[in-house]
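Engineer: Residue numbers (the UniProt record's numbering): 1 to 344.
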């Protein structure tokens, strides 16, 4: 019987497996998709996320990437900028990150099995899934986690829904920050521009209305003018983004990554929180204190959840939304503190 079965071979699952191997646990990852795995996301690794990968020995050197040094808000009239206090972040395409994480778990001796997880059956001593038997299972099966749903851990979906759509554009980055372009209305959403290579940026649009990339891009005229006619890659979409969860554990099954619940991509902290939660999960398994996992997950993510939920609520109120960039520009010290607080 293995110690930990990880259901899902995305970043959250692979980092969980890497931590488990470092803790001396016998771990197996099950993933049905063939790598490298792509996903609609902003692809910006904040400074604390990079530090976490460095501690795991995940090497991004030699891969295409681009450092960024802060966050810049733009609303068509005003600009506000906050620089990171703890070093740069890094724009890394999701496929590049997946390759680097896959190499790290392979180097750690972790077995990755290609196949479906299927039904999860557990008793007081073990969990059975994918034809394997383990002491515990880490469900890292994504935003719309089938395991979360099958265990009755999913809460009622919120009334306000948001979706994301991402495109890679073959153009040299024009900023050393991640740019956040604010649309005029809540329905217009926000466009995130992340430098991911010397000749490429990722543009991710978050919006409360569904539709194609070009349709949403029209809500950001200055950005549309810059990108008009530039070669680009395939569009990828995801959503609804908000996923509420009743609890992060059921018996011997623990949820991690997006499966454990998601507020919004508004602050770009998803990967950093997934990496931190993976470390907490493995510690709970290694010490046989999995009953503490939900409490520790909540403590780890509390600041992010409060700040992100508060900002998300504000973006839905037109007068408040219109004041976000002007207020950030008028109070640069406060804006910088908020940005760095999310990255701690």
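A virtual CB, placed ideally from N, CA and C, is assigned to each residue, including glycine.
With distances taken from CA atoms, which of 293, 240 and 63 is nearest residue 163?
Structural biologist: When each option's Cα is compared against that of residue 163, the closest is 240.
Engineer: For the beta strand (DSSP E) holding residue 179, just list the boundary residues, first then last.
Structural biologist: 178-182 is the extent of the beta strand (DSSP E) around residue 179.
Engineer: Taking only the alpha-carbon atoms, compute the straight-line gap between residue 141 and residue 222 and give it to the nearest angstrom.
Structural biologist: One C-alpha to the other measures close to 37 Å.
Engineer: Candidates 134, 154 and 294: which alpha carbon is nearest residue 1's?
Structural biologist: With distances taken between Cα atoms, residue 1 lies closest to 134.
Engineer: Under the three-state reduction of DSSP, which class applies to residue 114: helix, strand or coil?
Structural biologist: Looking at residue 114 - three-state DSSP - the assignment turns out to be strand.
Engineer: What does DSSP give as the partner residue(s) for residue 297 in the beta ladder?
Structural biologist: According to DSSP, which records beta bridges pairwise, residue 297 is partnered with nothing at all.
Engineer: Work out the CA separation of residue 39 and residue 195 for me, nearest whole Å.
Structural biologist: Whole-angstrom Cα-Cα distance: 17 Å.
Engineer: In terms of residue numbering, what span does the beta strand (DSSP E) encompassing residue 40 cover?
Structural biologist: Counting along the chain, residue 40 falls outside any beta strand (DSSP E), and DSSP gives it neither H nor E.
Engineer: Confirm the yes/no value for this check: CB of residue 119, any heavy atom of the ligand COA, distance under 7 Å.
Structural biologist: With respect to the ligand COA, the structure offers nothing, as it holds no ligand at all.
Engineer: Given this structure, state the Cα-to-Cα distance separating residue 33 from residue 289, to the nearest angstrom.
Structural biologist: Taking the straight line from one Cα to the other gives about 31 Å.
Engineer: Specify the secondary structure class of residue 125 as computed by DSSP and reduced to three states.
Structural biologist: Reduced to three states, the DSSP call for residue 125 is coil.
Engineer: Am I right that residue 80 and residue 287 are in contact with their C-beta atoms under 8 Å? What's the rounded C-beta distance?
Structural biologist: 44 Å between Cβ atoms; not a contact.
Engineer: In the DSSP output, which residue or residues are listed as bridge partners for residue 200?
Structural biologist: Note: residue 200 sits in a beta bridge opposite 197.
Engineer: Leaving aside the five residues before and after residue 238 along the sequence, list all residues of the same chain whose C-beta is less than 6 Å from its C-beta, in chain order.
Structural biologist: Contacts found: 40 and 164.
Engineer: Could you name the residues of the same chain whose beta carbon sits closer than 7 Å to that of residue 305, not counting the 5 residues immediately before and after it, in chain order?
Structural biologist: 263, listed in sequence order.
Engineer: Report buried or exposed for residue 279, applying the criterion of at least 16 other Cβ atoms within 10 angstroms of its Cβ.
Structural biologist: Its Cβ being crowded by 16 or more others within 10 Å, residue 279 is buried.
Engineer: Assuming the contact rule is C-beta atoms closer than 8 Å, residue 166 and residue 204 should be a hit. Round their C-beta distance to whole Å, please.
Structural biologist: Contact holds; Cβ gap of about 4 Å.
Engineer: Please confirm if the stretch 116-126 is in contact with the stretch 68-80, defined as three or more CB-CB distances below 8 Å between the two stretches.
Structural biologist: As far as the Cβ criterion goes, the stretch 116-126 does not touch the stretch 68-80, which means the pair count is below three.
Engineer: Take residue 248 as the anchor and find which of 50, 69 and 148 has the nearest alpha-carbon.
Structural biologist: The option with the nearest alpha carbon to residue 248 is 148.
Engineer: Are there 16 or more other CB atoms within 10 angstroms of the CB of residue 269, so buried, or fewer, so exposed?
Structural biologist: Result: buried.
Engineer: Can you tell me the Cβ-Cβ gap for residue 232 and residue 169, rounded? I've got them flagged as a contact below 8 Å.
Structural biologist: Confirmed, about 5 Å.
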